[in-house]
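As structure tokens, the structure follows; a few thoughts come after it.
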Amino acid sequence: SQDYHFGLEDHEGISELFDCD
Amino acid sequence: PPQTPIRAAMNSIQQLRGGLTSASDQPSGNLIVYFKNCTVDPSEEITKRVGQLGQIFCQKFAEAVGQRCEGLGKTRFTLGVQLHYKVMESMLKSEEKRLSVQNFSKLLNNATFHTSLLASALEVVLATYVGGSLKNGGSESPETDLCFPWILDVFQLHAFDFYKVIESFIKAEPTLKHDMIEHLGRCEHQIMESIAWKADSPLFELLRQSREEGPGEQAEPPAT
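Residue numbers (this note's numbering), protein chains in the order written: chain B, 1 to 21; chain V, 22 to 245.
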């Protein structure tokens, strides 16, 4: 996954992206 | 031996299947614990949804590839379900560690999350099987018709929702091969360049909401 640009910060995850607690 | 396109495709398929030998097409014990910890237990809805999406997938697969290939559709779908449960468990473990909570009721009762996650897993499976012929510009296999964004139409999924799971999917599945990560990166690019800007995209509503929320970060000028 070295060539993939990870845009999420460490404090963000799938829960936030689907508007969850 | 020299790496031929066919050999490369066969290796990718073997690796995918090898990584799923111990995976089930049913939720694992750990996943069931996560489901039971929810305020509203999502188990029944999840199983029902997987069944419904399976029927739709197999029907559309047979329409695209040929009715005699119905069995292949079922096999692809089962692999996708296995992968999606594996990734779901890994995602929840990461979220548990990050947020120090065990109740993921909102996330696990979100139908769009589950459909997007299953669609991502199926995209990986379909792209693995098509792999060799696509990379070499060939289109002999009718399965090339199933390449992205075919799965979005099948599940009637907004591209923007699919986009949201890609990064977490890659992080949660460390055995994903380099070419598959590249493929998912291309899907992301395609979504942001064009597919997410269709008239019914939820992106427009989000932009409208963010404008109404008042002066926050200024958007870049359109030309940029």
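Glycine included, C-beta positions come from ideal geometry on N, C-alpha and C.
Bear in mind the structure is a predicted one, so any value in this text is a computation, not a measurement.
Report the three-state DSSP secondary structure of residue i (helix, strand or coil).
| i | result |
| --- | --- |
| TYR4/B | coil |
| GLU65/V | helix |
| SER43/V | coil |
| ASP221/V | coil |
| VAL71/V | helix |
| GLY87/V | coil |
| VAL122/V | coil |
Excluding the 5 residues preceding and the 5 following residue i in the sequence, name in chain order all residues of the same chain whose CB lies nearer than 6 Å to its CB.
| i | result |
| --- | --- |
| SER7/V | Outside the modelled stretch of chain V, which goes from 22 to 245, sits residue 7/V, for which no answer is possible. |
| LEU147/V | LEU167 |
| SER15/B | none |
| PRO223/V | HIS179, PHE181 |
If distances are taken between C-alpha atoms only, which option among the options comes closest to residue i?
| i | options | result |
| --- | --- | --- |
| ARG207/V | LYS219/V, SER141/V, THR99/V | SER141/V |
| PHE195/V | LEU138/V, HIS135/V, LYS107/V, MET213/V | Reading off the sequence, residue 195/V comes out as Pro, not Phe. Ranking the options by Cα distance to PRO195/V, first place goes to LYS107/V. |
| GLY72/V | HIS210/V, HIS135/V, ILE216/V | HIS135/V |
| THR42/V | ASN51/V, ASN58/V, LEU100/V, LYS69/V | LEU100/V |
| LEU173/V | ALA217/V, LYS198/V, ILE34/V, GLU203/V | ALA217/V |
| LEU128/V | LEU143/V, GLN36/V, GLU144/V, MET109/V | MET109/V |
| GLN177/V | LEU205/V, ALA132/V, HIS210/V | ALA132/V |
By how many angstroms is the C-alpha of residue j removed from the C-alpha of residue i?
| i | j | result |
| --- | --- | --- |
| LEU74/V | ARG119/V | 31 Å |
| PRO26/V | LEU93/V | 21 Å |
| VAL175/V | PHE18/B | 21 Å |
| CYS90/V | GLY13/B | 38 Å |
| PHE125/V | MET112/V | 11 Å |
| VAL61/V | ILE67/V | 12 Å |
| CYS59/V | PRO23/V | 51 Å |
| ILE212/V | VAL86/V | 25 Å |
Let me check you understand the geometry: is the CB of residue i closer than 6 Å to at least one non-hydrogen atom of the ligand GDP?
| i | result |
| --- | --- |
| GLU84/V | Annotation note on the ligand GDP: not contained in the displayed structure, which lists no ligands. |
Are the C-beta atoms of residue i and some chain D residue less than 7 Å apart?
| i | result |
| --- | --- |
| LYS118/V | Looking for chain D here will not work: the only protein chains present are B and V. |
Output needed for residue i: all residues of its chain with C-beta closer than 8 Å, excluding positions within five of it in sequence on either side, in chain order.
| i | result |
| --- | --- |
| CYS79/V | GLU91, GLY94, LYS95, PHE98 |
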